[in-house]
Amino acid sequence: LKNAKKLRDSYSFYDSSMNEHMETYFYENELHRAILNNEIELYYQPKIDMDTGSIQGVEALSRWFHPEQGMISPGVFIPIAEETGLIFSMTDYVIKKACEDYVSWKKAGINIPSFSVNISAKQFAKREFVTEVLDIIDAYQIPKGVFEIEITESITMDIENNLGKLNQLREAGIKISIDDFGTGYSSLKYMRDLPVDFVKIDRSFINMIGFNEGKNMVDFIVDLAKLCEVEIIGEGVETQAQMNYLRSIGCRIGQGFYFSKPIPAKEIEQLLYVVK
Ligand code: C2E
Ligand code: MG
Ligand code: MG
Ligand code: MG
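Throughout, full-length UniProt numbering is defined as the position within the sequence shown, counted from one, plus 487.
Structure (structure tokens):
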């Protein structure tokens, strides 16, 4: 439970003599309680069409508002959810909540073209994953092409186990993004034939745009995406210079603090301005 350190440190009653088994049990209960008490909220970060300045879509990012500890980031609690198996009920909750938010935006006359949810490898590996997702988006009557999942390279590269599911999802009108692209094990061999819609180039590469070798890496990934006819999204855009560079090489969609931080669902209206 390496990732539990921050959470652990925040509990004054944590006893360092707890063994790993007790610790797991402890967090499982805390997270379980959090899910039941609606302490997990979704924030949304826009993806911007940098040609027009309009919103191409939004990404749902989980936040845990602990009554005593305040906000706990997903980098801390998602790994715990994965280790304890709570990721299954959490993902179910997150997908439903995102659909609910989409439906209320629509009711309020706010038109968000698409919304995405991050899916852990463990969740994707679940045998009933596809039917469970389809049941939910069906129940909320989400139009085809609006719901999107963000998965990592580890999933797309395990062709043998996952190609069938990827195809099923796409046939049902669900868009697929490869998240944090470039940080995992990619295979050029598979890239071209993968049934995915977007590749999100990881923030660490966007960060290097100010340096020549960094630029070369970004150029390479963007060229590769074009060759494979996959749309590219620049993650973690923080400066105008980074945006300008991405646009100059034909990367149309950007996401990052330069445009907006993740914000609560209720504040989504404030995003509906033109960025350019
Ligand atoms: P991710 O999906 O790659 O999301 C992008 C992360 O980068 C988010 O962190 C976002 O707040 C942050 N970010 C966005 N723009 C910028 C920027 O310009 N600069 C910097 N420095 N950071 C930026 P967050 O919200 O802490 O999420 C971390 C990760 O936790 C996510 O990475 C995702 O993998 C995971 N995650 C979040 N919510 C969920 C969830 O509901 N389910 C699952 N399975 N994973 C989730
Ligand atoms: Mg993501
Ligand atoms: Mg990412
Ligand atoms: Mg990332």
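Using N, Cα and C, we set each Cβ at its ideal position, and we do this for glycine too.
Exposed unless 16 or more other CB atoms sit within 10 angstroms - verdict on residue i
| i | result |
| --- | --- |
| LEU518 | buried |
| PHE744 | exposed |
| MET730 | buried |
| ALA728 | exposed |
| SER607 | buried |
| ASP538 | exposed |
| PRO554 | exposed |
| GLY651 | exposed |
| SER549 | buried |
| LYS687 | buried |
Coil, strand or helix - residue i by DSSP
| i | result |
| --- | --- |
| TYR531 | strand |
| GLN543 | strand |
| residue 462 | Any question about residue 462 goes unanswered here, given that the chain covers just 488 to 763. |
| GLN757 | helix |
| ASP645 | coil |
| ASP684 | coil |
| SER664 | strand |
| ASP625 | helix |
Distance, residue j Cα to residue i Cα
| i | j | result |
| --- | --- | --- |
| LEU733 | ARG739 | 7 Å |
| SER499 | PRO751 | Bear in mind that the predicted position of SER499 carries a pLDDT of just 47, short of 50, making it unreliable; the figure below should be weighed with that in mind. For SER499 and PRO751, the distance between alpha carbons rounds to 29 Å. |
| SER747 | THR571 | 33 Å |
| PHE685 | CYS715 | 10 Å |
| LYS763 | SER735 | For LYS763, the pLDDT reaches just 40, beneath the cut-off of 50, and the residue's location in the model is therefore unreliable, although a value from the coordinates is still provided. C-alpha separation (whole angstroms): 15 Å. |
| GLU526 | GLU546 | 19 Å |
| ILE720 | ASN506 | 43 Å |
| VAL590 | LEU675 | 39 Å |
| PHE698 | ASP689 | 16 Å |
| ILE542 | GLN757 | 12 Å |
| PHE616 | LYS631 | 18 Å |
| THR670 | PHE513 | 32 Å |
| ILE559 | PHE668 | 25 Å |
| ILE582 | LYS593 | 17 Å |
| GLN610 | ILE636 | 12 Å |
| GLN532 | GLY557 | 20 Å |
| GLY562 | GLY544 | 22 Å |
heavy atom of ligand 1 below 6 Å from residue i C-beta
| i | result |
| --- | --- |
| GLY701 | no |
| PRO749 | yes |
| ILE565 | yes |
| PHE746 | no |
| LEU518 | no |
| PRO561 | yes |
| LEU548 | yes |
Near ligand 3: residue i beta-carbon under 6 Å from a heavy atom
| i | result |
| --- | --- |
| LYS687 | yes |
| ASP666 | yes |
| GLU635 | no |
| GLU722 | yes |
Closer than 6 Å: residue i CB and nearest ligand 2 heavy atom
| i | result |
| --- | --- |
| GLU640 | no |
| ASN605 | yes |
Supposed close pair residue i, residue j - CB separation, criterion 8 Å
| i | j | result |
| --- | --- | --- |
| ALA585 | PHE602 | 6 Å |
| ILE693 | GLU722 | 6 Å |
| PHE634 | ILE624 | 5 Å |
| ILE755 | ILE597 | 6 Å |
| VAL724 | GLY741 | 4 Å |
| ASP666 | THR639 | 6 Å |
| PRO682 | ILE663 | 7 Å |
| TYR580 | ILE535 | Between ILE535 and TYR580 the Cβ distance is about 28 Å, and since that is not below 8 Å, they are no contact. |
Cβ of residue i within 7 Å of any chain B Cβ
| i | result |
| --- | --- |
| ASP645 | Judged by its chain identifiers, the structure shown contains no chain B, having just a single protein chain. |
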